[in-house]
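Residue numbers (the numbering used here), protein chains in the order written: chain A, 1 to 616; chain B, 1001 to 1616; chain C, 2001 to 2616.
Every residue gets a Cβ at the ideal spot worked out from N, C-alpha and C, and that includes glycine.
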Amino acid sequence: MGSETGIIVYHLSPDCTLSEVEEGKIYTAYVQGFANFGVFVQLNERVKGLIHKSNLRGKHSERDPVLVKVLGIRSNGNIDLEEVNPSVYHTEVVVKRSAPVLFSDLSRFIGRTVQIEGVVAQIKQTSGPTIFTVADGSGIGNAAAFLEAGVRAYPEVQLGNIITIIGEVMTRNSQLQVEVSSLAVLTGDEENRVRAAFEQIIESRAEPQDIPFLIRSEALEKLRPVMRKVAKLIRRAIFEAQPIVIRHHADADGICAAVAIELAVSALIREGGGDFDAEYFMVKRSPSKAPFYEIEDITRDLDFALKDNTRYGQKLPLILLMDNGSTLEDEPSMRFAQVYQIPVLVVDHHHPDHEIDQYLLAHVNPYHVGGDFGITSGMLGTEIARMINPAIDHQIRHFPAVSAVGDRSEAPERKWYLALVSEQYSEDDCKNIALALDYEQFWLRFNDGREIVKHILNVTRESEVHSSLAHLLVEQANAMIEEQMAALMPHVESRILSNGVHLFLFDVELFAHKFTFPPPGKTSGEVHDRLCQINTGKPIVSIGVGPDFAVLRSRGVLMNIPRMVRELHDEIMGGGISGGGHLVVGSIKFVEGMRSTVIEGLIKKISEAPVEMRNP
Amino acid sequence: MGSETGIIVYHLSPDCTLSEVEEGKIYTAYVQGFANFGVFVQLNERVKGLIHKSNLRGKHSERDPVLVKVLGIRSNGNIDLEEVNPSVYHTEVVVKRSAPVLFSDLSRFIGRTVQIEGVVAQIKQTSGPTIFTVADGSGIGNAAAFLEAGVRAYPEVQLGNIITIIGEVMTRNSQLQVEVSSLAVLTGDEENRVRAAFEQIIESRAEPQDIPFLIRSEALEKLRPVMRKVAKLIRRAIFEAQPIVIRHHADADGICAAVAIELAVSALIREGGGDFDAEYFMVKRSPSKAPFYEIEDITRDLDFALKDNTRYGQKLPLILLMDNGSTLEDEPSMRFAQVYQIPVLVVDHHHPDHEIDQYLLAHVNPYHVGGDFGITSGMLGTEIARMINPAIDHQIRHFPAVSAVGDRSEAPERKWYLALVSEQYSEDDCKNIALALDYEQFWLRFNDGREIVKHILNVTRESEVHSSLAHLLVEQANAMIEEQMAALMPHVESRILSNGVHLFLFDVELFAHKFTFPPPGKTSGEVHDRLCQINTGKPIVSIGVGPDFAVLRSRGVLMNIPRMVRELHDEIMGGGISGGGHLVVGSIKFVEGMRSTVIEGLIKKISEAPVEMRNP
Amino acid sequence: MGSETGIIVYHLSPDCTLSEVEEGKIYTAYVQGFANFGVFVQLNERVKGLIHKSNLRGKHSERDPVLVKVLGIRSNGNIDLEEVNPSVYHTEVVVKRSAPVLFSDLSRFIGRTVQIEGVVAQIKQTSGPTIFTVADGSGIGNAAAFLEAGVRAYPEVQLGNIITIIGEVMTRNSQLQVEVSSLAVLTGDEENRVRAAFEQIIESRAEPQDIPFLIRSEALEKLRPVMRKVAKLIRRAIFEAQPIVIRHHADADGICAAVAIELAVSALIREGGGDFDAEYFMVKRSPSKAPFYEIEDITRDLDFALKDNTRYGQKLPLILLMDNGSTLEDEPSMRFAQVYQIPVLVVDHHHPDHEIDQYLLAHVNPYHVGGDFGITSGMLGTEIARMINPAIDHQIRHFPAVSAVGDRSEAPERKWYLALVSEQYSEDDCKNIALALDYEQFWLRFNDGREIVKHILNVTRESEVHSSLAHLLVEQANAMIEEQMAALMPHVESRILSNGVHLFLFDVELFAHKFTFPPPGKTSGEVHDRLCQINTGKPIVSIGVGPDFAVLRSRGVLMNIPRMVRELHDEIMGGGISGGGHLVVGSIKFVEGMRSTVIEGLIKKISEAPVEMRNP
């Protein structure tokens, strides 16, 4: 055992030559012949040396085993040896140094002793051996080291170390495994050499394929480099056995984006060997509780990740935020990730705050290239998923269209993605799928509902289940929306402001069903849409008011909600005001006792906004 | 491997005779003797054939192995063979066709190669072999097929297929298992034959025993056929390795009904062999969150079931709703079950809506036979549990009495069931157990509390634990009820309506402790009972009002609550009114902002109801 | 099998002598020599006997095996035997009776048959054998008994029984295990002898080491006996394989106390052998939901414990309450524990109600020795943890200082513990850690956050993670407190009461952010602190009011809050009043509709309290 003290005696494996022999080390050997001046021994069939009679310790017969120390290796290849008799020692096998076996080739070496080099990706203590999961770029494999039952072997080894292992390739529980006979952490030049080789292999494996997008889009082309970067980082994580946590906005767009990546990753993990059900624990998709990455979410993610790290020796995860993650509201959580040096990627289409980028390895956002909200996260996620794993293209190519109608994209990409799948899915089909996702996610709360969601998205192509499920969900969702509107619409109050804006106020808690579908945000949106239809051509602002929040939507009014919120925050002392959103769609929070003060202040600001009907 | 391509060579097992030999197939054989015209070979000790010299490929000595193709089988039984030398082939064992072994007999065949036929009940991929769980009517067993580590063997096989397996009976981890040497999905006549045989066995095994009810009851006798049907469907599910989900109303009656079935099913699973702890994962009892089967509940049940189906190849479950499930409020959830063709059974005593029956395989409900609420779910569940598994009779025979007093049954069955167990349990004992169940379930929230509930119900006959636990729970429950009453009773407001009704109004949130026991519904009931005692002989209506709901109870007033709710819904625009219940006990929901309008509307309708003191 | 019927034939193991041979029993033997009067046989190499020719059943050659019954043992040691030929029998091995092997020595007996005696600590049925976990005082080990796959062996054995096992020591999955060849429950004298021996060993092992406290403190010295008792009971639980549930107040003090014990226990379990990851399931730390041990908490703990007991045969746990558990509010939960005879220990520094002690095995509380709140739970917990396991001293010695500043201790021990660690942690460092714990626990909700909490407490000495995490948490916590104050402070209302008290009233729900940090209690505390600073030298009472509760803090006013609450309860009918706390810091609950009545009543009582500025 490498962790024992005592002298190490090396045993040359049959394929070793002189180049694996090192001066000063002790080797096993056997007597091959005799001469006046000493005894010839062989370290293996290929390597022979001489123990000068002055260096002999006893009498020997032919083929007697002896231990020999290498005094010197002459330039002609002759080896001068000294017989030694250490009282305590242990043996390590030396394999031909030029041939570390790659995990991708391991199955050809069953029953043979091989050398493996790679990065430690997991260290799991079992009731028996310690299992080291190692990534060598070509693949991921397990090496089992046994010191004593349930006792950690090679405690000096840590996640991320470069190690070299010599051991026999065995089949354990029908999985290939290297049974460690020696293991060492490489340092210095050796470490650098292996790490560089590993980097080279994994960098090239991680490189996504160069495939065209599903549609021709200038905005997407501008984003291609950063999308490739995200795809590559995710592929690397898979090849390095790093778990992946996908957190996404719990609406149709966020679901489309995240499920696309989840499918790409799962399929790649499945192909990659390793544990047969790794796809179920190496990637975890979770809807976020809020429209941003809350402290409560990262706390949960960290709690689990650190426990898995401690108990199962698993790497800390890569975190991917989708349809989420690009604003200052996400910053507090990102700082938690930063403490643990957990890499974070963001794929989002909300208006980004640039301060967030210091926490991110990569950030895909249409606003970075002059695009906007209309390039949905579902579009971005789907295209990145195809870069990660083109093989799943057919399962996800309709996701962008669903996300586009779900998020009311007005970008030209919307119609192109709709056209792409129009033979299978009409625009109404896509709208229905989006509504079905929203509705089902409401009942799933914060569970991923993996299989149900796949059925809604028709990933599994069980078309009867898909269509009857989508039909049911849409019917129920619409009925509940109608019921909510029947309760709420009679209570909408209206005013005409001095600037001509038609202001509509309604209480989304007092006059709506609570804790059911549609929730307050969606309820407000529905009311606003109906008010817009009734009031064609008029500038409109609608405010859905709750006890300590209000949701604003507008048409034809040049508001700047974030600025209004900032101003109210400064003007109303003790209002506890925060919030924001987009220029003309947003929300504001306040303390309950200041509700009427805040709402009246808000209305005053709205009455000062310039009016410009964009869609009269 | 069945899934490989290449030629198949059959190997006749020793017990095979001519009838297992088929023309055109290739068999292993060995040389037995020589004649001028050719060579005699034996396919096994019993089956002999001739290779005519024109069909020989080489020279042979006695007992030489050869491969032979069957050219023809003559009417006298002589077999004409041709020697063949396929370059690539694999071997399958042929066992005597007339003897598929039943799982119930499997232990007599350890170490022998057998044939098994049955229905695929689960397909579970492990890190090594693929495990097919097969039901053959006589029992359930596992067959392990190995293609490559962690790779799905026989991917063509699906849940519900009829398959035939040949393999050796082994003991793995001390469980019997067939190690598959060949496996085929049967189709056409073969499938029909096996399916019919399976059906016959399982139908007869699933048939419940014909035992008398615990009491003589005309209503129960009328329900016997449908109760038998439910019992039989549950027994079938067990024998076919289909998981069972029991969802029940979270009160004493619902618990009694569901625990009775749970106990019957668990014991049957335990007897049935299969996985040693199958009783813990094949049956799951969960209290419902609402007094009906909510969408959130079915969403959770579906999410888990579909994940188990995908990850562990488990069948979708049978759903059994108890003390729940018979009204239109359950319909939305049932439509989810329908999408996945999940069978649903209902055992309930609430007034049923006939529309629900289209979703059900069977529906036990006293209203279907002219009975009413007084025949409790606990009575029905206990009697069905006895049909499923008479062996547990002694553990559950007091459940009907507990459920009767818990649900305030006024049916004659109440006293008969009480009389049945009066030596062990007085009426007060039963009331105490019912109250203890209600109280404990409150703290258990939506957990089943399996073992605690068994102790409350004295299933395990640890009488000291039972009695001290029940005593503690009753004492605490009563103390908390008293505390609630002390807070609330001084705030009850009363009016005398024009029709003479004494109306009592009280706010169950403003003047009661929230989020604790007793919850608003039970609180209202307690207040009503006390008001009835105080106001002997007067017609009474009590309304417990919450922010967006009200609970109605009455005595001596001929209300029709469902009709009143429907009328208010139509009359009060923007009221968001829904609800219902029984004629004289029910609830109404509304949006919070319309509370006083709704309550006043309700009171007006109550003042128009005819008064008729039933219990003066 | 011990549970089979049929004749038992004993097989003397090689080390047995005459003293293990019993009259009337049958033994295996082999023929050693012949005489006129009969045949000499050997039961093993050491024990020889004679079958008189009249007692022979057949002819024998040398070394023939025979079965013999012991007719008598003469005083000179000669044994008279009779040859027997039972048709059905099974064999049990007899080992030298004088030498039951201890688990701590088991590894020296691999491959040998040994006798083990001890107490049954767990009985777990697997798909194969039944696993009996046995504690013999020296350690804990597993014995596997196989009857039939998945069938419970020796069903007569119950948790807590004293058993004797004979079996071979094997290595199973790299863990030592005794494969049972015979097993018996001891009774009467034998049981008493073993139980006494076990008690003696375990009592002496459980005895904590006698080490000085980290500081010199009279109060602590007075508590030493009961602290030792707690330490010893916890050590016993570990050595007896009894799970430990630690429930603690969810604040910095409670966390310090509980984590100290958790670390001590985990390390001891790790050392103790047994299952390699026992530390993860044998000890469970959970923050309490309320500042006391709620019924909901014990219900959850019981539900899990009883299920583990039934399904995995695990013992019911020992419950340790920390910074919690000493008041009448805990009584209802303790009565649940009492029903199941679950031992409960309390380590708390809240003012104790003496009625609680009837439920406790031990109760450490500074008030019992004339101390007060200033001796924090974290101090007590840390010192007890050191008694349990001195080896973790270096990981926890700063916990008392953190708990002291976290709980605002004013005891002299505060500065002594601060001085102890002042080289590593300044007072501000300790305050920051305490605030970081409070803040992080808020986001963890009721999860233990095991690894995150260790990082905050710098247990793992990863100083970079610790300091950046603590820094982040403190910064975020302070920012959120500032935000809360900015919203709330402008809404504080003040009155000067007739007794000169400056009364401050503020609504912690209407004018504060809800469901976020800081929660209402902490919010009130912050406001009070600021009011005290502003109003130097004045007597102050601050009341943070919620919808159905109020939090009171005061300075310089001689209130008796518990008495005020009791009086209000009696005076205000239908107020639903409860609450209490300390004399001058406390809370009161009421029904929402009576809020203003209760608050005004409260203020009236405050205006009658004597004023005495302690900290002018």
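8 Å Cβ cutoff met for B/Leu1223 and B/Pro1366: One-based indexing of the second sequence puts residue 1223 of chain B at position 223. One-based indexing of the second sequence puts residue 1366 of chain B at position 366. Yes, these two residues count as a Cβ contact at 8 Å.
Option nearest C/Leu2361 by Cα separation, candidates C/Gly2406, C/Met2334, C/Glu2168: Taking the third sequence and counting its residues from 1, the one referred to as residue 2361 of chain C is at position 361. The shortest C-alpha separation from C/Leu2361 is found at C/Met2334.
Inter-residue Cα distance where the pair is C/Arg2300 and C/Pro2208: Here residue 2300 of chain C is taken as the residue at index 300 of the third sequence, counted from 1. Here residue 2208 of chain C is taken as the residue at index 208 of the third sequence, counted from 1. Each residue's Cα considered, the two are about 31 Å apart.
8 Å Cβ cutoff met for C/Leu2568 and C/Ile2577: Residue mapping note: residue 2568 of chain C aligns to position 568 of the third sequence, counting from 1. Residue mapping note: residue 2577 of chain C aligns to position 577 of the third sequence, counting from 1. Cβ distance < 8 Å, so C/Leu2568 and C/Ile2577 count as in contact.
Backbone CA spacing between B/Met1387 and B/Glu1296 [nearest angstrom]: Within the second sequence, numbered from 1, the residue matching residue 1387 of chain B stands at position 387. Within the second sequence, numbered from 1, the residue matching residue 1296 of chain B stands at position 296. Computed Cα separation, rounded: 32 Å.
For A/Arg445, the first and last residue of its enclosing alpha helix (DSSP H): Within the first sequence, residue 445 of chain A is the residue found at index 445, counting from 1. Unbroken run through A/Arg445: none, as it is neither H nor E.
DSSP beta-bridge partners of A/Lys132: Position 132 of the first sequence, counted from the first residue, corresponds to residue 132 of chain A. With the sequence shown as reference, residue 132 of chain A is identified as Phe, and Lys is not the correct amino acid for it. DSSP lists A/Ile123, A/Ala143 as partners of A/Phe132.
Assigned secondary structure, B/Lys1048 (DSSP; H/G/I helix, E/B strand, else coil): Mapped onto the second sequence, residue 1048 of chain B falls at position 48. In the structure shown, B/Lys1048 sits in a strand (DSSP, three-state: E or B).
Member of C/Gly2525, C/Leu2018, C/Tyr2154, C/Glu2475 whose CA lies at the smallest distance from the CA of C/Asp2407: Taking the first residue of the third sequence as 1, we reach residue 2407 of chain C at position 407. Ranking the options by Cα distance to C/Asp2407, first place goes to C/Gly2525.
Cβ pair C/Phe2511, C/His2491 closer than 8 Å: Locating residue 2511 of chain C in the third sequence gives position 511, counting from the first residue. Locating residue 2491 of chain C in the third sequence gives position 491, counting from the first residue. Yes, Cβ-Cβ distance for C/Phe2511 and C/His2491 is below 8 Å.
DSSP-derived helix/strand/coil call for C/Gln2484: Walking along the third sequence from the start, residue 2484 of chain C turns up at place 484. Reduced to three states, the DSSP call for C/Gln2484 is helix.
Closer than 9 Å at the beta carbon, the chain F residues around A/Arg450: Among the protein chains in the structure shown, which are A, B and C, there is no chain F.
Chain B contact for C/Gly2601 (CB, 8 Å cutoff): Sequence index remark: in the third sequence, residue 2601 of chain C carries index 601 (1-based). Using beta-carbon distances, C/Gly2601 does not count as an interface residue toward chain B, since no partner is under 8 Å.
Exposed unless 16 or more other CB atoms sit within 10 angstroms - verdict on B/Asp1548: Within the second sequence, residue 1548 of chain B is the residue found at index 548, counting from 1. With 16 or more Cβ atoms within 10 Å of its Cβ, B/Asp1548 is classed as buried.
Segment contact flag, the segment 1338 to 1346 of chain B with the segment 1152 to 1172 of chain B, C-beta cutoff 8 Å, min 3 pairs: no
Residues of its chain near C/Leu2071, where Cβ-Cβ distance is below 7 Å and the 5 sequence neighbours each way are ignored: Translated into the one-based positions of the third sequence, residue 2071 of chain C becomes position 71. The answer, listed in chain order, is Asp2080, Leu2081, Glu2082.
Neighbour flag for A/Arg335 against chain C, beta carbons, 8 Å: Locating residue 335 of chain A in the first sequence gives position 335, counting from the first residue. With 8 Å as the cut-off, A/Arg335 counts as an interface residue toward chain C.
A/His350 classed as buried or exposed, judged by whether at least 16 other C-beta atoms fall within 10 angstroms: As a position in the first sequence, residue 350 of chain A is number 350, starting the count at 1. It is buried - the Cβ of A/His350 has at least 16 other Cβ atoms within 10 Å.
Assumed close pair C/Asp2251, C/Asp2429 - CB separation to whole angstroms, cut-off 8 Å: Numbered from its first residue, the third sequence carries residue 2251 of chain C at position 251. Numbered from its first residue, the third sequence carries residue 2429 of chain C at position 429. Contact flag wrong, Cβ pair sits at about 18 Å.
N-terminal and C-terminal residue of the beta strand (DSSP E) that A/Met322 is part of: To locate residue 322 of chain A, count along the first sequence from 1; it is residue 322. Element bounds for A/Met322: 318 to 322.
Neighbour flag for A/Glu509 against chain B, beta carbons, 8 Å: In the first sequence, counting from the first residue as 1, residue 509 of chain A sits at position 509. Taking Cβ atoms only, chain B reaches closer than 8 Å to A/Glu509, which makes this a yes.
Beta-carbon proximity list for B/Pro1225, same chain, < 6 Å, skipping 5 on both sides: For the purposes of this step, residue 1225 of chain B is taken as the residue at position 225 of the second sequence. So the list is empty, once near-sequence residues are dropped.
Chain A contacts made by the segment 2461 to 2477 of chain C, where a contact means CB separation under 8 Å: Val2465, Ser2468, Leu2469, Leu2472, Gln2476
Extent of the continuous beta strand (DSSP E) to which A/Ala305 belongs: Locating residue 305 of chain A in the first sequence gives position 305, counting from the first residue. That residue, A/Ala305, is in no beta strand (DSSP E); its alpha helix (DSSP H) goes 295 to 312.
Cβ neighbours of B/Lys1229 in the same chain (closer than 7 Å, five flanking residues each side left out): Residue mapping note: residue 1229 of chain B aligns to position 229 of the second sequence, counting from 1. Same-chain partners within the cutoff: Ala1362.
6 Å CB neighbourhood of A/Val584 in its chain, flanking five on each side removed: For this step, residue 584 of chain A is matched to residue 584 along the first sequence. Correct list, in chain order: Ser554, Met559.
Neighbouring residues, chain A, relative to C/Tyr2280 (Cβ below 8 Å): Residue mapping note: residue 2280 of chain C aligns to position 280 of the third sequence, counting from 1. Chain A residues near C/Tyr2280: Arg311.
Burial state of C/Ile1999, where buried means 16 or more other Cβ atoms lie within 10 Å: The question about residue 1999 of chain C has no answer, for chain C in this structure spans 2001 to 2616.
Euclidean distance between Cα positions of B/Gly1378 and B/Val1347: Within the second sequence, residue 1378 of chain B is the residue found at index 378, counting from 1. Within the second sequence, residue 1347 of chain B is the residue found at index 347, counting from 1. Roughly 9 Å separates the two Cα atoms.
Residues of the segment 1205 to 1228 of chain B whose Cβ lies closer than 9 Å to any Cβ of chain A, in chain order: none
Completely contained alpha helix (DSSP H) runs for the segment 1384 to 1448 of chain B, where each covers 4 or more residues: If we require 4 residues or more, the alpha helix (DSSP H) runs fully inside the segment 1384 to 1448 of chain B come out as 1393 to 1396, 1399 to 1406, 1412 to 1420, 1427 to 1444.
Chain-ordered neighbours of B/Gly1546 on chain A, where CB pairs are closer than 7 Å: Looking up residue 1546 of chain B in the second sequence gives position 546. Simply none; closest approach about 12 Å.
Extent of the continuous alpha helix (DSSP H) to which B/Leu1268 belongs: To locate residue 1268 of chain B, count along the second sequence from 1; it is residue 268. Unbroken alpha helix (DSSP H) run through B/Leu1268: 1252 to 1271.
Runs of beta strand (DSSP E) wholly within the segment 543 to 588 of chain A (minimum 3 residues, chain order): Segments of the beta strand (DSSP E) lying fully in the segment 543 to 588 of chain A: 549 to 555, 578 to 581.
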